[in-house]
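What follows is a short report on a single structure.
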Ligand code: IMP
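Residue numbers (our numbering): 162 to 590.
Right, dumping it as structure tokens:
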């Protein structure tokens, strides 16, 4: 069961879905391995734009089996909305979309607790997407969560289970002086969707073993990015899941030895949504230029993304955490036409130069970027052939490859499938 893991290299929104979509034809199964409705994965195919939140974007390829993996926190109500939207647009997923019975369920009170957490943090708030992700993972780890497999209970037992969970959560809401929920009403809402959702809930671990035996090829679709990882990211300004390559294994149930390809996805510059340190952030007209040209607004929340130059310090760290040999560099077209492009090679802190990414957000907050300046290239259509790129664009890609010790086997020069450069694997420069 050889598997390809797609991992975000920065703070998310790197264009993972385009890479998944592009490579999907060589795969039989796609598994989303972490996160939930906080993600927004956009795919443009034949001029049609699809935005995915919980369903793996690889499902767009007909014949592919899609799985919401055990590492996810799934909101069953918005999942069904997303599914209806997909079906109405002609994507038939019947019999080829499953939810792991071990995936956690995002409950209505998780969404309320998320917003309470954020407002209590005041100016230290994370900038959460408000989808209940943090509280849902908290309940998973404190073993209070509901799992998708609980939908398989009889209706009365499901009603009782949800009632219990809501009553427990109501005590928390009460402690925060927030209005409590009607346990009966919430339980009835769950019972009402039971018949619709149950056929999709499977023991996907068992299915993985069967797919393994059948030699199927698996795509492991990540959400968010390495710098938002709960352990390896800029804690506490992170999401609550494992976005790094380890999460691809634990959150899907794939055999670790099956993962024979890990592709780190990086934008040709950097963006971040929400709060937290971002050393190369541009708060001036250059940042606005990148935001406008790159259409840097959140797919899930519509929030403007913070934009900045490519950060080699952070990217080297990300390449190291995920043991990357191969990357995809996306949105190269967005930095075309900038006469001088900056690239951050090191940080300066308290008069000292450092080249390693600090693990403390407080230290990172105080780091100032040290830049190299690189000649830009004209704003022309970049096409799909590496050799035809302007010299300076090729030099920019080679510089990143060299610094990270990776091959950029995939370069995206626009949103469409055709605006993609596929390069043969080459020795690291
Ligand atoms: P949460 O995952 O909603 O709790 O948000 C935690 C942090 O992760 C916030 O800064 C969010 O903006 C960020 N975040 C969550 N999901 C995404 C994503 O898909 N792309 C980019 N940032 C994200």
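Note that the Cβ used here is the ideal one computed from N, Cα and C, for glycine as well. None of the values given here were measured: they were computed from a predicted structure.
Opening and closing residue of the beta strand (DSSP E) in which residue i lies
i           : result
residue 380 : 379-382
residue 531 : 529-536
residue 467 : 467-469
residue 228 : 226-229
residue 503 : 501-510
residue 515 : 513-515
C-beta contact flag for residue i and residue j at 8 Å
i           : j           : result
residue 541 : residue 497 : yes
residue 388 : residue 489 : no
residue 403 : residue 437 : no
residue 378 : residue 189 : yes
residue 200 : residue 366 : no
residue 577 : residue 205 : yes
residue 471 : residue 504 : yes
residue 288 : residue 275 : no
residue 420 : residue 212 : no
residue 168 : residue 383 : yes
residue 176 : residue 354 : no
residue 194 : residue 413 : yes
residue 348 : residue 327 : yes
residue 192 : residue 230 : yes
residue 443 : residue 469 : yes
residue 495 : residue 559 : no
residue 262 : residue 363 : yes
residue 545 : residue 501 : no
Closest Cα partner of residue i within the set the options
i           : options            : result
residue 429 : 296, 473, 384, 184 : 473
residue 526 : 469, 441, 500, 452 : 441
residue 325 : 311, 337, 336, 226 : 311
residue 445 : 459, 467, 216, 582 : 467
residue 233 : 176, 361, 411      : 411
residue 244 : 357, 170, 353, 185 : 357
residue 510 : 259, 479, 530      : 530
residue 381 : 218, 554, 582, 175 : 218
residue 597 : 572, 163, 172      : Residue 597 lies beyond the range of the chain shown here (162 to 590); nothing can be said about it.
residue 226 : 210, 202, 242, 252 : 252
residue 250 : 320, 209, 524, 316 : 209
residue 554 : 562, 569, 538, 564 : 538
residue 461 : 163, 164, 214, 187 : 214
residue 238 : 351, 544, 393      : 351
residue 224 : 375, 257, 242      : 257
residue 520 : 550, 478, 574      : 478
residue 458 : 174, 391, 291, 170 : 174
residue 463 : 196, 569, 203      : 203
residue 286 : 397, 186, 317      : 397
residue 536 : 512, 551, 373      : 551
residue 512 : 424, 340, 187, 528 : 528
N-terminal and C-terminal residue of the alpha helix (DSSP H) that residue i is part of
i           : result
residue 482 : 473-482
residue 277 : 269-282
residue 421 : Careful: residue 421 lies outside any alpha helix (DSSP H), inside the beta strand (DSSP E) at 420-428.
residue 561 : 552-565
residue 345 : 344-358
residue 323 : 316-336
residue 541 : Unbroken run through residue 541: none, as it is neither H nor E.
residue 239 : 237-249
residue 367 : 365-374
residue 169 : First-last for residue 169: 164-169, but that is the beta strand (DSSP E), not the alpha helix (DSSP H).
residue 194 : Here residue 194 belongs to no alpha helix (DSSP H), and DSSP marks it neither H nor E.
residue 183 : 177-184
residue 174 : Looking at the DSSP string, residue 174 is not in any alpha helix (DSSP H), and its letter there is neither H nor E.
residue 216 : Run containing residue 216: none; DSSP gives neither H nor E here.
residue 298 : 294-302
residue 521 : Element bounds for residue 521: n/a, residue is neither H nor E.
residue 411 : 406-411
Inter-residue CB distance, residue i and residue j (contact presumed, cutoff 8 Å)
i           : j           : result
residue 486 : residue 567 : 6 Å
residue 236 : residue 198 : 5 Å
residue 240 : residue 581 : Not a contact, Cβ separation roughly 30 Å.
residue 130 : residue 297 : Only positions 162 to 590 of the chain appear in this structure, which leaves residue 130 out of reach.
residue 361 : residue 220 : 12 Å between Cβ atoms; not a contact.
Which residues DSSP lists as bridging residue i, in chain order
i           : result
residue 205 : 210
residue 600 : The requested residue 600 is not part of the displayed model; the chain covers only 162 to 590.
residue 458 : 465
residue 261 : 363
residue 568 : 487
residue 431 : 469
residue 442 : 469
residue 308 : 265
residue 234 : 265
Closer than 7 Å: residue i CB and nearest ligand 3 heavy atom
i           : result
residue 389 : Ligand 3 is not part of the structure shown, which contains ligand 1 as its ligands.
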